[in-house]
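In the numbering used here, the protein residues as written are 17 to 454. Cβ atoms here follow ideal geometry from the backbone N, Cα and C, with glycine treated the same way. This one's a predicted model, so the numbers in the text were calculated from it and none came from an experiment. Here the structure comes first, spelled out in structure tokens, and everything after it is commentary.
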Ligand SMILES: Cc1ncc(COP(=O)(O)O)c(C=O)c1O
């Protein structure tokens with residue numbers, strides 16, 4: 017049973033003294049972990065990670081979904097090593113940029129052009145800028161049911177933690193609900209000829225119903241707005257190349273990142289030529305200063321993207337993830353039934369990205385019960401943060417051990433439902449990432 021986190025606690029305390037939040041995405045912060053849990057990870061191999069106290073876990077979080085094939089995955093590492101030896105950053109573009117662009121566009125037939133960056137926020141914000149330039153309109157509409165699009169002002173201005181963002185920025189951003197076409201129609205009616213683009217993930221944990229995505233695209237067409245699909249998480253995960261092909265919907269622009277390069281930093285803005293070319297220097301329209309970053313085409317990260325895309329395609333890893341996901345879904349549902357937890361634990365989503373939801377005995381979502389479940393899973397060597405992000409590296413034995421840990425966690429959960437999570441949870445519940453104060 018894993019219960020000691022002394023080194024983790026010491027190291028994260030030091031990190032917080034010299035790094036705001038002690039981490040580089042708020043989702044990795046200590047406030048996102050149970051107190052009885054690892055706050056600092058030392059290393060990983062395949063589907064396993066080790067924390068700085070030497071505790072070993074089966075990793076279901078996989079670097080916020082970015083590690084799609086496995087930690088320190090050799091076919092990707094050898095491509096990276098080869099490129100490292102040749103230098104990583106030059107005065108002029110390197111041939112590997114065109115090589116990856118060709119491979120990516122061959123894999124993503126909905127796009128004619130692609131531009132690289134280091135972070136997801138960079139490419140989603142670039143898509144917004146391009147849409148505004150292309151349409152000459154200012155307003156942006158995003159899907160409020162989807163977790164995150166960017167740490168930039170156009171998005172964060174609308175969130176609880178909007179300090180530092182002028183309200184004028186937020187006033188240009190609107191939101192709508194997934195699978196609620198009326199909420200999209202209302203925006204176009206209320207702001208006629210003012211909306212530059214609509215941005216959403218093709219799906220998170222709810223499948224589109226009643227042709228929702230196609231209806232949104234039609235509204236974009238009718239109202240002269242750009243239709244953007246954010247494939248940051250779903251890309252090379254729900255389907256090959258992404259969820260938009262799985263759901264048979266073609267975006268004008270799409271954004272990619274996590275999962276493209278197995279954890280290395282390679283993100284993409286892709287899309288139709290007549291929009292994308294505005295970011296070029298070979299046309300007679302007004303220029304858009306699109307993505308311009310010193311590190312955007314770092315060669316070893318592009319090599320990682322090439323190796324990852326090829327491995328994913330050639331080994332049909334998405335199909336093997338699907339089979340594992342189906343086994344996990346059935347197994348979790350069986351356990352929920354066995355413990356009569358139907359009202360308090362739910363599993364939903366596509367088998368390649370399953371989400372477990374944790375509720376109290378009245379069926380109300382609860383951070384306390386969620387944190388308790390994570391705490392119990394950690395005790396049994398399972399690093400789990402609500403979603404299953406299986407990869408080619410996860411073995412059937414990993415899944416079997418996970419069922420055993422899930423079962424033991426459900427025993428405690430069942431007792432806690434009767435007696436209160438406070439009796440079993442050590443420390444505070446995990447706090448929402450978007451919050452104004454601590
Ligand atoms: C759907 C989605 N879009 C965009 C982003 C931003 O990506 P990054 O953290 O690489 O900036 C994220 C990150 O969580 C995301 O989940």
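* Asked: If you count every other CB in all the chains shown that lies within 10 Å of the CB of residue 19, and 16 or more means buried, which is it?
  -> With fewer than 16 Cβ atoms within 10 Å of its Cβ, residue 19 is classed as exposed.
* If you draw a straight line from the alpha carbon of residue 215 to that of residue 146, how long is it in whole angstroms? -> Those two C-alpha atoms are separated by around 13 Å.
* Between the Cα of residue 341 and the Cα atoms of 202, 314, 399 and 404, which residue gives the shortest distance? -> Cα-wise, what sits closest to residue 341 is 404.
* How big is the Cα-Cα spacing for residue 205 and residue 226? -> The alpha-carbon atoms of residue 205 and residue 226 are separated by roughly 21 Å.
* Run through DSSP, which three-state label would residue 363 get? -> Strand.
* Express the C-alpha separation of residue 157 and residue 73 in angstroms, rounding to a whole number. => Separation of residue 73 and residue 157 (C-alpha to C-alpha, rounded to the nearest whole angstrom) is 40 Å.
* Check whether the Cβ of residue 285 sits closer than 7 Å to any heavy atom of ligand 1, and report yes or no. => It does not: the Cβ of residue 285 is nowhere closer than 7 Å to a heavy atom of ligand 1.
* Evaluate residue 172 with the Cβ neighbour count: other Cβ atoms within 10 Å of its Cβ, from every protein chain shown; 16 or more gives buried, anything less gives exposed. => When all chains shown are included, residue 172 counts as buried.
* Quick one: what's residue 271 bridged to in DSSP? -> Answer is 246 and 285, bridged to residue 271.
* To do: State the beta-bridge partners of residue 75 as determined by DSSP.
  => Partner(s): 399.
* Considering only the beta carbon of each residue, do residue 309 and residue 131 sit closer than 8 Å? -> In this structure, residue 131 does not lie closer than 8 Å to residue 309 by Cβ.
* Out of curiosity, what's the CA-to-CA distance linking residue 48 and residue 234? -> When rounded, the distance between both Cα atoms is 39 Å.
* Using a threshold of 8 Å, state whether the C-beta atoms of residue 22 and residue 69 are closer than that. => Cβ atoms of residue 22 and residue 69: closer than 8 Å.
* Name the two residues that bound the continuous alpha helix (DSSP H) containing residue 174. => Taken as a continuous stretch (DSSP letters only), residue 174 belongs to no alpha helix (DSSP H), as it is neither H nor E.
* Using a Cβ-Cβ cut-off of 7 Å (strictly less than) and excluding sequence neighbours within five positions of residue 355, which residues of its own chain qualify? -> Within the same chain, Cβ atoms closer than 7 Å to the Cβ of residue 355 are found at 426 and 430, the five residues on either side in sequence being excluded.
* For residue 252, is the classification buried or exposed, using 16 other Cβ atoms within 10 angstroms of its Cβ as the cut-off for buried? -> Residue 252 comes out buried.
* Considering only residues of the same chain and omitting the five flanking positions on each side of residue 266, which have a CB-CB separation below 7 Å? -> Contacts found: 126 and 260.
* Proximity of residue 269 and residue 287 at Cβ, strictly below 8 Å -> For residue 269 and residue 287, yes; Cβs fall inside 8 Å.
* To do: Hey, could you find the ends of the alpha helix (DSSP H) residue 421 is sitting in?
  => Judged by DSSP secondary structure, residue 421 falls within the alpha helix (DSSP H) whose first and last residues are 412-435.
* To do: May I ask you to list the residues that DSSP assigns as paired with residue 67?
  => According to DSSP, which records beta bridges pairwise, residue 67 is partnered with 57.
* **Residue ranges of each alpha helix (DSSP H) within the region 71-143, 4 or longer** => The qualifying runs are 90-100 and 111-123.
* Look at the alpha carbon of residue 441 and the alpha carbon of residue 46, and state the distance between them as a whole number of angstroms. => If you take the alpha carbons of residue 441 and residue 46, they lie about 16 Å apart.
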